[in-house]
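Visitor:
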Amino acid sequence: MIPEIWSRVKFFFAGKRRREVDEEIQFHLQREMEENMARGMNEKEARRRAAIAFGGRERAREQCRQERPVWTLESMWRDVKYGFRGLTRNPIFTAVAVLTLALAIGANTTVFSLLDQALMQALPVQDPGRLVVLSFAGDYSGHRESHGGSSEGHIHEFSYPMYKDLRDRNTAFSGIVASSTTRAGITWNDRAEAVGADMVSGNYFQVLGVPAAVGRVLVSSDETAPGANPVAVLNFDYWKSRLAEAPVVGKTMLVNGSPFTIVGVAAPGFHSTIWGELPDIYVPVTMQKTIEPQWDYLNDHHSYWMNVVGRLKPGITLAQADASMNALFRDLRTEEFTQLKDQSPKARTGFITKGHLNLEAGANGFSPMRQDVQTPLTIIMGMVLLVILMAVVNVASLLLVRAATRAREFSVRYALGATNGQVLRQLLAEGMLLGVAGAVAGVALVPEALHGLIRWMSSGSDGSQAFSATLDWRVLLFTVVVTLIASLLFSLAPAVQFWNPKLAEALHQGRGGTSGSLRFRRTCVALQIGFSLLLIVAAGLFVRTISNLRNVNAGFATDHLLVFNLNPLLAGYPPTGVAPVEQRALDAIAALPGVRGVGATNDEDLADDGVSGDVVVPGYTPPPNEEYDVELPWVSNDYLQTLGIPLVVGRYFNASDTATSDKVAIVNELFAKHFFGSPRAALGHHVSRPNRPLTDATIVGVVRDVKHESVRSAAYPTDYTLFAQAERTTGLIFYVRTWQDPDAAANSIRAAIANVDTKLIVGHLTTMRDEIDQNLLAERTIALLATAFGLLATVLAGIGLYGILAYSTAQRTKEIGIRMALGARRATVVRLILWEVMVLAGGAVLVTIPIAILATRAVRSQLFGVSVADPVVYALGIAVICVVAGLSAFIPARRAATVDPARALRTD
Amino acid sequence: MPPSSDLLQGTLDMLILKSIVLRPQHGWAIAQRIQQISRDVLQIGQGSLYPALHRLEYRGWIRAQWGASENNRRARYYSLTAAGRKQLEAELQNWERLTGAVNLVLKASF
Chain A
1 MIPEIWSRVK FFFAGKRRRE VDEEIQFHLQ REMEENMARG MNEKEARRRA
51 AIAFGGRERA REQCRQERPV WTLESMWRDV KYGFRGLTRN PIFTAVAVLT
101 LALAIGANTT VFSLLDQALM QALPVQDPGR LVVLSFAGDY SGHRESHGGS
151 SEGHIHEFSY PMYKDLRDRN TAFSGIVASS TTRAGITWND RAEAVGADMV
201 SGNYFQVLGV PAAVGRVLVS SDETAPGANP VAVLNFDYWK SRLAEAPVVG
251 KTMLVNGSPF TIVGVAAPGF HSTIWGELPD IYVPVTMQKT IEPQWDYLND
301 HHSYWMNVVG RLKPGITLAQ ADASMNALFR DLRTEEFTQL KDQSPKARTG
351 FITKGHLNLE AGANGFSPMR QDVQTPLTII MGMVLLVILM AVVNVASLLL
401 VRAATRAREF SVRYALGATN GQVLRQLLAE GMLLGVAGAV AGVALVPEAL
451 HGLIRWMSSG SDGSQAFSAT LDWRVLLFTV VVTLIASLLF SLAPAVQFWN
501 PKLAEALHQG RGGTSGSLRF RRTCVALQIG FSLLLIVAAG LFVRTISNLR
551 NVNAGFATDH LLVFNLNPLL AGYPPTGVAP VEQRALDAIA ALPGVRGVGA
601 TNDEDLADDG VSGDVVVPGY TPPPNEEYDV ELPWVSNDYL QTLGIPLVVG
651 RYFNASDTAT SDKVAIVNEL FAKHFFGSPR AALGHHVSRP NRPLTDATIV
701 GVVRDVKHES VRSAAYPTDY TLFAQAERTT GLIFYVRTWQ DPDAAANSIR
751 AAIANVDTKL IVGHLTTMRD EIDQNLLAER TIALLATAFG LLATVLAGIG
801 LYGILAYSTA QRTKEIGIRM ALGARRATVV RLILWEVMVL AGGAVLVTIP
851 IAILATRAVR SQLFGVSVAD PVVYALGIAV ICVVAGLSAF IPARRAATVD
901 PARALRTD
Chain B
1 MPPSSDLLQG TLDMLILKSI VLRPQHGWAI AQRIQQISRD VLQIGQGSLY
51 PALHRLEYRG WIRAQWGASE NNRRARYYSL TAAGRKQLEA ELQNWERLTG
101 AVNLVLKASF
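Going down the list, the sequences are from chains A and B.
Those letters in the first sequence? Residues 1 to 908, by my numbering.
Those letters in the second sequence? Residues 1 to 110, by my numbering.
#1: Please report the distance separating the alpha-carbon of Leu722 (chain A) from that of Leu606 (chain A).
#2: Of the residues A:Ala844, A:Glu582, A:Asn90 and A:Met820, which one's Cα is nearest the Cα of Leu398 (chain A)?
#3: Taking the alpha carbon of Asp198 (chain A) as the point to measure from, which residue in A:Leu103, A:Asp190, A:Val308 and A:Arg19 has its own alpha carbon closest?
#4: Along the stretch 26 to 41 of chain A, where does the CB come closer than 7 Å to a CB of chain B? Name the residues.
#5: Among A:Gly257, A:Asn235 and A:Thr479, whose alpha-carbon lies nearest the alpha-carbon of Val249 (chain A)?
#6: If contact is defined by three or more beta carbon pairs under 8 Å, each pair taking one atom from either stretch, is the stretch 793 to 813 of chain A in contact with the stretch 823 to 830 of chain A?
#7: Would Ile699 (chain A) and Gly684 (chain A) qualify as a contact pair, given that the criterion is a beta-carbon distance under 8 Å?
#8: Using 8 Å as the limit for Cβ to Cβ distance, is Val839 (chain A) near chain B?
#9: At 3 residues or longer, and completely inside the stretch 704 to 770 of chain A: list those beta strand (DSSP E) runs for me, N to C.
#10: Give the interface partners of Trp95 (chain B) over in chain A, defined as CB-CB distance under 7 Å, in chain order.
#11: Please list the segments of the beta strand (DSSP E) lying wholly inside the stretch 675 to 708 of chain A, counting only runs of 3 or more residues, in order along the chain.
#12: Going by the beta-carbon positions, is the gap between Val537 (chain A) and Ala852 (chain A) smaller than 8 Å?
#13: Report yes or no: do three or more beta-carbon pairs, one from the stretch 99 to 106 of chain A and one from the stretch 123 to 138 of chain A, lie closer than 8 Å?
#14: At a threshold of 7 Å, does Arg692 (chain A) count as lining the ligand GTP (C-beta to nearest heavy atom)?
#15: Cα separation between Pro717 (chain A) and Gly650 (chain A)?
#16: Which word fits His54 (chain B), buried or exposed, when buried means at least 16 other C-beta atoms lie within 10 angstroms of its C-beta?
#17: I'd like the ranges of any beta strand (DSSP E) spanning at least 3 consecutive residues and lying wholly in the stretch 290 to 357 of chain A.
#18: So with CB distances below 7 Å, who are the chain A contacts of Ala75 (chain B)?
#19: Which of the residues in the stretch 53 to 71 of chain B, read from start to end, lie with their CB under 7 Å from any CB of chain A?
#20: From Asn567 (chain A) to Leu561 (chain A), what does the alpha carbon distance come to, in whole angstroms?
#21: Within the same chain, show all residues whose beta-carbon is closer than 6 Å to that of Leu88 (chain B), passing over the 5 residues directly before and after it, in chain order.
#22: Could you tell me whether the stretch 19 to 35 of chain B touches the stretch 66 to 82 of chain B, using the rule of 3 or more Cβ pairs below 8 Å?
#23: For a quick check, are the C-beta atoms of Pro892 (chain A) and Ala827 (chain A) less than 8 Å apart?
#24: Can you confirm whether Pro2 (chain B), when its beta carbon is compared against all beta carbons of chain A, has any partner nearer than 8 Å?
#25: Is Gly100 (chain B) close to chain A? Criterion is C-beta to C-beta, closer than 8 Å.
#26: Considering only their Cβ atoms, is the gap separating Asp614 (chain A) from Pro690 (chain A) smaller than 8 Å?
#27: Determine the burial state of Arg909 (chain A): buried for a count of at least 16 other Cβ atoms within 10 Å of its Cβ, exposed for fewer.
#28: What is the rounded straight-line gap between the Cα of Asp657 (chain A) and the Cα of Ala665 (chain A)?
#29: Distance, Cα to Cα, Arg191 (chain A) vs Ser141 (chain A)?
#30: Report yes if the C-beta distance between Gly202 (chain A) and Val219 (chain A) is below 8 Å; otherwise report no.
#31: Spatial neighbours of Arg522 (chain A) within its chain, please: C-beta separation below 8 Å, excluding the five flanking residues on both sides.
#32: Span of the alpha helix (DSSP H) holding Ala53 (chain A)?
#33: Per DSSP, Arg76 (chain B) forms a beta bridge with which residues?
#34: Rounded to whole angstroms, what is the Cα-Cα separation between Gln339 (chain A) and Leu312 (chain A)?
#35: Whole-angstrom Cβ separation of Leu101 (chain A) and Gly530 (chain A), contact assumed at under 8 Å?
Structure, rendered in structure tokens:
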């Protein structure tokens, strides 16, 4: 047995030696010849008969070789070798095809990896499919702290008492967790910094099934009474990157100046139930008063601030849970209603009857950010798909053009006895090689592209952000498989042309390709021109959008303006000490050399933020059911002057307005016109928040409207009051107008703040211009990628066009020769070629323009100040196409013009 | 030359194994033997004999050794291995079953 196996192993590698086979066949023939001679033939005849009887010796040899076990491998290797040789014979073609495939694979995998993270990836928790995100519909009164993502009928923030009732009285969930995200000041080893902090329910980690990497996670007993649980769990990334994985369990760190004991580090990969939120520490919700000293949320039914997620009990369906939870919710709302001031039937309807609890599958987590990135990423995805389509068409047409010029090669192979199968295998091998090379190059591109894109998207932000540069291997696998299949299919396309060719004819002509395949190639090129025009138009629209947004007049000068935030609460100041230290910080900065002005507000400008609410204006009778919300920023005395918001009438705030003087307000023109008809009429009137008499202030001035939320949105009616006269204290955003270079100014600002108190944390110091740019990130990303894809598409279209022109010109060498022999001039010949290009390009452009106008409608929401049919963009796009068409026609046209008639007529 | 009867797929292998069951033979002798015994009905296309021999050898059913021929020349002699013997038995049984079945059908009076 063993020797047999050994002999088979030996055969597998070595096979039988050719000489042995030859000798054996030789012996056979010899023996046959002897036999024939024995029958009386002469030697010559005997040899001849023996040879006839045996048949083709070479064939027999070949067949013996084919019986070898490694034959399949061997023949595959040979195909690959032929394929490789075939590809290297035409390196430019190969490079272009491989590059095309690589770009398609690379772009697709990169963008899809991000899209997948944003839209499809489940939270890294146990059994995420059982998670349910809660939101509610119905009226509410009081204070709601939202980080976005809520809409009418889908309020994602709950009060803490409501959360506790839902958690303790439900029957459908095995657990319900709540969390609220904010910022906190941390002091660790005498180093202070502002970090993201999640206030979470005690059961948060256990219900989600997130274990501790070190120490322990929070448990239900960490959520007992307000202020009684000074413990913290660290986020793994924060622990790793900022604390260098130091032993932390049992150690104390200051959070907003109060000591907290670190009990553990959460498992790596977990951040929050809210996708895109990246908290650095987690503290029990009962510590809210320490984290946000200006608020007292824990016993307040009218403060809506916690995001709530539940885990369904085993065996309970979403519909069952919905029914039982809504019954409970109605009971709870009814109890709550009895405590409200307004007991009118209308209020009852709004609060109880219209109240509803929404249960939504929450495997991916709730995310306000997801909606922000969804549209841009989908647009980018659309562009990537266009590029891939182009790449596919490009490679197909390249392969076809190449196949056409290889007719002779294949004719010779057929003539030498190659079977269809063998030719097919070689073509497949070439396609496979192209695909593999493209895939390898594409995959090599991906990590760099991912990093680049993420870096670009996070430029200017605090450093941490939601996307990770991990490549999704499923996406990669999918793309590679699709590309391989596609390239194999294309490689077969030429085979159809050569299938059983009329040998003699092909050899005679020395060219394959029929008018049919030429039409196909023309279609390919027309498609490419169309695709690239689409992408160029998209790029043009987005670039114009970005430049419009950048040049939008915000109403105040955005240059030479530095921004940072400062929250004394994070440094452990008691609420009463906040306003004085903020005033000291303002004074310290104002005293710096080179500073023209400094102002502060609690309502950041052009950062997609808003602090708004309704106001009461004595003497103004609102129409019934009027809901008129106004922006309510608290500002410093010099804020309006520092930003340069022009005064219309009255006066600015000045030094005589202090914490103890009469309360004053300045409103903008929109506000004044709405309530008083004209700016002048507003002066001297009073304005206050409903039911809050302490907020009553006298209007002393009216200023111009300026953009506030973002450069995209229009100005809001605004009521500026002084932070020093406000009911509560809060962190402020500082604006410093300076002549200095931003870096130098930043350093002196930091020094000045440290001079006030070293514990104060200067947060997110940047320039207003960078701030706006950061705010325009989605638009900038789309513009950048659209431009890149547009360029890429144009290059691809140019290559495709060149390919077909070079080929068709070569085909027409004889025709051109005849024309020239008959007296056509070179210019006529050039015109002939250019005409062909212009017909092709013109047709493609004409067909594409209406499609482009329709397609760009889909992205209209992302455009600003530019119509989807913007003539400049289209003219530019067409001009680019013309230039590319002209350039790619130039070489073939020149070659055609230099045709020597005498020689052309003699070819073939 | 009369056209050689088409052999059923796999039948050639069986015939080769059978023809060397008693003693080792070289290729030419195998072809001759099959032809003689079948009274010239089965003419082995010699082009296919050697690939078949190689195939059987790679499968480990036969073993080849160089030896001296009847007229004292070097020739490759093929002999059955244990596995080859087993294979031949299996194929014979199979063949009997098949021909028996075919005969039943053909001889049945419809």
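By construction, the Cβ of each residue, glycine as well, lies at the ideal position given by its N, Cα and C atoms.
Guide: Answer, in terms of the structure:
#1: Residue mapping note: residue 722 (chain A) aligns to position 722 of the first sequence, counting from 1. Residue mapping note: residue 606 (chain A) aligns to position 606 of the first sequence, counting from 1. Rounded to whole angstroms, the separation of the alpha carbons of Leu606 (chain A) and Leu722 (chain A) is 20 Å.
#2: Translated into positions along the first sequence, residue 398 (chain A) becomes position 398. Closest option to Leu398 (chain A), Cα to Cα, is A:Asn90.
#3: Taking the first residue of the first sequence as position 1, residue 198 (chain A) is located at position 198. Shortest Cα-Cα distance from Asp198 (chain A) to any of A:Leu103, A:Asp190, A:Val308 and A:Arg19 involves A:Val308.
#4: So the list reads Phe27, His28, Arg31 and Glu32, given in the order they occur along the chain.
#5: Here residue 249 (chain A) is taken as the residue at index 249 of the first sequence, counted from 1. Taking only the C-alpha atoms, the option nearest Val249 (chain A) is A:Asn235.
#6: Contact between the stretch 823 to 830 of chain A and the stretch 793 to 813 of chain A is absent: fewer than 3 CB-CB pairs across the two stretches fall below 8 Å.
#7: To locate residue 699 (chain A), count along the first sequence from 1; it is residue 699. To locate residue 684 (chain A), count along the first sequence from 1; it is residue 684. Going by C-beta atoms, Ile699 (chain A) is nearer than 8 Å to Gly684 (chain A).
#8: Along the first sequence, one-based indexing puts residue 839 (chain A) at 839. Cβ-Cβ to chain B under 8 Å: no for Val839 (chain A).
#9: Entirely contained in the stretch 704 to 770 of chain A, the beta strand (DSSP E) runs reaching 3 residues are, in chain order, 719 to 722, 732 to 738 and 762 to 767.
#10: For this step, residue 95 (chain B) is matched to residue 95 along the second sequence. Below the 7 Å Cβ cutoff, chain A contributes no neighbours of Trp95 (chain B), its closest Cβ being approximately 23 Å away.
#11: Entirely contained in the stretch 675 to 708 of chain A, the beta strand (DSSP E) runs reaching 3 residues are, in chain order, 686 to 689 and 692 to 703.
#12: In the first sequence, residue 537 (chain A) corresponds to position 537, counting from 1. In the first sequence, residue 852 (chain A) corresponds to position 852, counting from 1. Yes. Within cutoff.
#13: Fewer than three pairs of CB atoms, one per stretch, sit closer than 8 Å, so the stretch 99 to 106 of chain A makes no contact with the stretch 123 to 138 of chain A.
#14: For the structure depicted, the ligand GTP is absent and the ligand set is empty, with no information on it obtainable.
#15: Looking up residue 717 (chain A) in the first sequence gives position 717. Looking up residue 650 (chain A) in the first sequence gives position 650. Approximately 17 Å between the Cα atoms of the pair.
#16: Indexing the second sequence from 1 puts residue 54 (chain B) at position 54. Buried: at least 16 other Cβ atoms inside 10 Å.
#17: As far as the stretch 290 to 357 of chain A is concerned, its whole beta strand (DSSP E) runs of at least 3 residues are 307 to 312.
#18: Within the second sequence, numbered from 1, the residue matching residue 75 (chain B) stands at position 75. Residues of chain A with a Cβ closer than 7 Å to the Cβ of Ala75 (chain B) are, in chain order, Phe27.
#19: Identification of residues in the stretch 53 to 71 of chain B having a C-beta nearer than 7 Å to some C-beta of chain A yields His54, Arg55, Tyr58 and Gly60, given in sequence order.
#20: The residue given as residue 567 (chain A) occupies position 567 in the first sequence. The residue given as residue 561 (chain A) occupies position 561 in the first sequence. Going from the Cα of Asn567 (chain A) to the Cα of Leu561 (chain A) covers about 20 Å.
#21: For the purposes of this step, residue 88 (chain B) is identified with residue 88 of the second sequence, where counting begins at 1. Spatial neighbours of Leu88 (chain B) in its own chain (CB-CB distance under 6 Å, excluding positions within 5 residues in sequence) are listed in chain order as Leu17.
#22: These segments touch.
#23: Here residue 892 (chain A) corresponds to residue number 892 of the first sequence, with the count starting at 1. Here residue 827 (chain A) corresponds to residue number 827 of the first sequence, with the count starting at 1. Against a cut-off of 8 Å, the Cβ pair of Ala827 (chain A) and Pro892 (chain A) comes out as no contact.
#24: Within the second sequence, residue 2 (chain B) is the residue found at index 2, counting from 1. Residue confidence for Pro2 (chain B) is low, a pLDDT of 36 falling below 50, so the modelled location carries little weight; the figure read from the coordinates is stated next. The beta-carbon of Pro2 (chain B) is placed no less than 8 Å from the nearest beta-carbon of chain A.
#25: Against the second sequence, residue 100 (chain B) aligns to sequence position 100. Judged by the 8 Å Cβ criterion, Gly100 (chain B) is not in contact with chain A.
#26: In the first sequence, counting from the first residue as 1, residue 690 (chain A) sits at position 690. In the first sequence, counting from the first residue as 1, residue 614 (chain A) sits at position 614. Cβ distance < 8 Å, so Pro690 (chain A) and Asp614 (chain A) count as in contact.
#27: Residue numbering for chain A in the displayed model covers 1 to 908; residue 909 (chain A) lies beyond these limits and cannot be assessed.
#28: Walking along the first sequence from the start, residue 657 (chain A) turns up at place 657. Walking along the first sequence from the start, residue 665 (chain A) turns up at place 665. C-alpha separation (whole angstroms): 10 Å.
#29: As a first step, residue 191 (chain A) is located in the first sequence; it is residue number 191 there, counting from the start. As a first step, residue 141 (chain A) is located in the first sequence; it is residue number 141 there, counting from the start. The straight-line gap from Cα to Cα measures roughly 41 Å.
#30: Here residue 202 (chain A) refers to the residue found at position 202 when the first sequence is read from its first residue. Here residue 219 (chain A) refers to the residue found at position 219 when the first sequence is read from its first residue. Yes, the Cβ-Cβ distance between Gly202 (chain A) and Val219 (chain A) is below 8 Å.
#31: Your numbering for residue 522 (chain A) matches position 522 in the first sequence. Only Ile804 and Leu840 meet the Cβ criterion.
#32: Walking along the first sequence from the start, residue 53 (chain A) turns up at place 53. It spans Glu43 to Phe54 - the alpha helix (DSSP H) in which Ala53 (chain A) sits, taken as one unbroken run.
#33: Position 76 of the second sequence, counted from the start, is the residue given in the question as residue 76 (chain B). Answer is B:Trp66.
#34: Taking the first residue of the first sequence as position 1, residue 339 (chain A) is located at position 339. Taking the first residue of the first sequence as position 1, residue 312 (chain A) is located at position 312. Rounded to the nearest angstrom, the two C-alpha atoms are 31 Å apart.
#35: The residue labelled residue 101 (chain A) in the question sits at position 101 within the first sequence. The residue labelled residue 530 (chain A) in the question sits at position 530 within the first sequence. Actually they do not touch by this definition, with Cβ atoms about 21 Å apart.
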